[in-house]
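Accompanying notes for the structure given below.
Number of protein chains: 2
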Amino acid sequence: MYNKILVPTDGSEGSKIALEHAKGLAEKYSSEIHLLYVADVRTHNTGEIIPNLVAELEKIGEESIESMKESLEGVEGIKDSVIKGIPHREINDYADEKDIDLIVMGTHGRTGLDRILLGSVTEKVVRTSNVPVMTVGRED
Amino acid sequence: MYNKILVPTDGSEGSKIALEHAKGLAEKYSSEIHLLYVADVRTHNTGEIIPNLVAELEKIGEESIESMKESLEGVEGIKDSVIKGIPHREINDYADEKDIDLIVMGTHGRTGLDRILLGSVTEKVVRTSNVPVMTVGRED
């Protein structure tokens, strides 16, 4: 049922909690886990592209994915990608291209405001995804 | 991991697609499935309570749950409730009270506008839930 599970990460604590659920499901369904970091090519204030920032984000993405891979010890079939783009679009495109069966995402829910505001990327993916999306966040 | 799965229903096609995922997970995790219909005590335009409408909704809820139970043949431990209230609040309260591990909900995604607008109850639950929420909808 869930042969391929996509876990988009933004390097946050929320992504790690999502990963625990994805790992549990992968063990049960013998799923591949696809880790994806999208370096956002937009600056949030101006819409301009700032090359250095994107390069910095890519570095964060690579580190985040390395750390996630460590906590996936025992899971067969881990794929990882760091790409540039507009996160929710790239996530949906990736899911379509790779025939992903389930997306598992954090909602960043930790502190005050974050508990109210669902991560905006997660929200956009929930709204637009062609595949089921599991959102994980406020528990623990 | 997912001992108790809550499937809120509003009688729509989206709820049925959600139920298929819940059933698959329940078979894998030997989970209980909790079916919940909340008859919305508000009218959406005025905020007034219209008793007949609520009674009518409760009837719809009971029919919807009966039909869902038929498609759950083979699943052990099905619970069902039809209650009155404000849907997303009752769903969250139910999840807290019954120690639900996962909520599976439809996003109503079928026709044009519905494909864009996530069901507003689902959206509120995703934003406010203390437990993971799987949203299912636009596929197939």
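Chains as they are written, first to last, in our numbering: chain A, 389 to 528; chain B, 389 to 528. Backbone N, C-alpha and C fix where the C-beta goes; we use that ideal spot for every residue, glycine too.
Here A483/A is buried: its Cβ has 16 or more other Cβ atoms, across all protein chains shown, within 10 Å.
In chain A, no part has a C-beta under 9 Å from the C-beta of P475/B; the shortest such distance is about 17 Å.
If you draw a straight line from the Cα of K411/B to the Cα of L460/B, it comes to about 7 Å. For the segment 445 to 475 of chain A, no residue has a beta-carbon sitting nearer than 9 Å to a beta-carbon of chain B.
Beta-bridge partners of G494/B (DSSP): V524/B. Here V509/A carries a helix assignment [DSSP, helix/strand/coil].
Taken atom to atom, the span from the alpha-carbon of P396/A to that of S403/A is near 7 Å. Secondary structure of G465/B (DSSP, three-state): coil. Closer than 7 Å to the CB of T523/A there is at least one CB belonging to chain B. Of the candidates E478/A, G462/A, E420/A, the residue whose Cα lies closest to the Cα of K512/A is E478/A. Cβ atoms of K472/B and V429/B come within 8 Å of each other, at about 5 Å. With contacts defined by Cβ atoms closer than 7 Å, E420/B and G465/B form a contacting pair. Along the segment 396 to 416 of chain B, the positions whose C-beta sits under 7 Å from a C-beta of chain A are H409, G412, K416, read in chain order. Within chain B, H409, G412, L413, K416 have C-beta atoms less than 9 Å from the C-beta of M389/A, given in sequence order.
Residue state for L424/A is assigned as strand, using DSSP reduced to three classes.
Burial check for G494/B: the Cβ neighbour count within 10 Å reaches 16 or more, so the residue is buried.
Relative to V524/B, the option among G507/A, G525/A, V524/A, L490/A whose CA is nearest is L490/A. I474/B is not a Cβ neighbour of V519/B, given a cutoff of 7 Å. When only Cα atoms are considered, E408/B and Y425/A end up about 30 Å apart.
Beta-carbon to beta-carbon, Y390/A and L423/A are separated by about 16 Å, too far to satisfy the 8 Å threshold.
Between G399/B and L445/B, the alpha-carbon positions lie close to 10 Å from each other.
Shortest Cα-Cα distance from Y417/B to any of S452/B, K392/B, M522/B, E401/B involves K392/B. Across the structure, K467/A and E458/A are spaced so that their CA atoms are roughly 13 Å apart. V470/B is the residue among V463/B, N440/B, V470/B, G462/B whose C-alpha sits nearest the C-alpha of E451/B. By the Cβ-count criterion, G507/A is buried, with 16 or more other Cβ atoms from all chains shown falling within 10 Å of its own Cβ. Counting every other CB atom within 10 Å of its CB across the protein chains shown gives A443/B a total below 16, marking it as exposed.
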